[in-house]
Amino acid sequence: MIMQGLWVPFVSVLAAEFGDKTMIAILLLASKTRHPAFLLTGAMLGFFLVDGAGLIFGAWSGSAIPAEWLKWASGALFTGLGLKMLLEKTEAGEEDVRHHDKHPLAGGFLVIFLAEWGDKTQIAAALFASRFELWQAALGTFSALLAVTAAAIFLGQWLGHRLKPGLLQKSAAVLFILMGLMTLLF
2 MIMQGLWVPF VSVLAAEFGD KTMIAILLLA SKTRHPAFLL TGAMLGFFLV DGAGLIFGAW
62 SGSAIPAEWL KWASGALFTG LGLKMLLEKT EAGEEDVRHH DKHPLAGGFL VIFLAEWGDK
122 TQIAAALFAS RFELWQAALG TFSALLAVTA AAIFLGQWLG HRLKPGLLQK SAAVLFILMG
182 LMTLLF
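All residue numbers for the sequence shown refer to my numbering, where the first residue is 2 and numbers rise by one.
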């Protein structure tokens, strides 16, 4: 039962987060930062807070903050970040935009904190905690989140070194705007 309590949350969360909007956002942030460890730390702090609430408080955490408020805050954040990125000008046209990343820890934290409240991962974490021992559900959930977040940061860093910064910034801006609008509309 111990192995099941670890592997079920791990595999489920890994599959649910792979390609999720927050992982795409982390990938895009990673493509602009020179401090991937800070980004990973911020993202994981966000996950610990949000999914920790799901694990500890279960269904209560979903009703503590109205889901509609979280949806609007998340959609507005993604749309606003996308518009800001789209309107930013890079000096000399193609200057490396990675020099503009001032607070990757805060950026990672805020993206996760605002986007993950009421997300399928938080709900799944609460369900796993009700079925398995809390430590098993927590270890499986957080291990999967660490693995998928680290992979997104690695891929983002790789892309950031291979694509023109201006193209990468505009692509990221459009993706952020689309994710924000989809969150607001659906």
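Heads up, the beta-carbon is just placed ideally off N, CA and C, and yes, glycines get one too.
- Taking all protein chains in view, the Cβ of L186 is surrounded by fewer than 16 other Cβ atoms within 10 Å, so the residue is classified as exposed.
- Of all alpha-carbon atoms in K103, L160, D120 and L156, the one lying nearest the alpha-carbon of A54 is that of D120.
- The alpha-carbon of L115 is positioned some 13 Å away from that of P67.
- Remark: C-beta atoms of T184 and G76 approach each other more closely than 8 Å.
- Shortest Cα-Cα distance from Q123 to any of L56, L160, K103 and T150 involves L56.
- In this structure Q158 is buried. Its beta-carbon is surrounded by 16 or more other beta-carbon atoms within 10 angstroms.
- By the criterion of a C-beta distance shorter than 7 Å, L156 is surrounded in its chain by L28, once the five residues flanking it on both sides are discounted.
- Between the segment 168–185 and the segment 6–19 there are fewer than three inter-stretch CB-CB distances shorter than 8 Å, so the stretches are not counted as touching.
- DSSP places T34 outside both helix and strand once states are collapsed to three, so it counts as coil.
- DSSP places W8 within a helical segment (H, G or I) once states are collapsed to three.
- Here DSSP, grouped into helix, strand and coil, assigns F187 to coil.
- DSSP places P67 outside both helix and strand once states are collapsed to three, so it counts as coil.
- Counting along the chain, the unbroken alpha helix (DSSP H) around F114 starts and ends at P105 to E117.
- C-alpha of A130 to C-alpha of G6: approximately 9 Å in a straight line.
- Contact between L15 and A151 does not hold, since the beta-carbon distance rounds to 12 Å and is not under 8 Å.
- Around the CB of F19, fewer than 16 other CB atoms lie within 10 Å, so the residue is classed as exposed.
- With a cutoff of 8 Å on beta-carbon distance, G161 and A31 are scored as near each other.
- The shortest C-alpha to C-alpha distance from R35 to any of K72, D21 and P105 is the one to P105.
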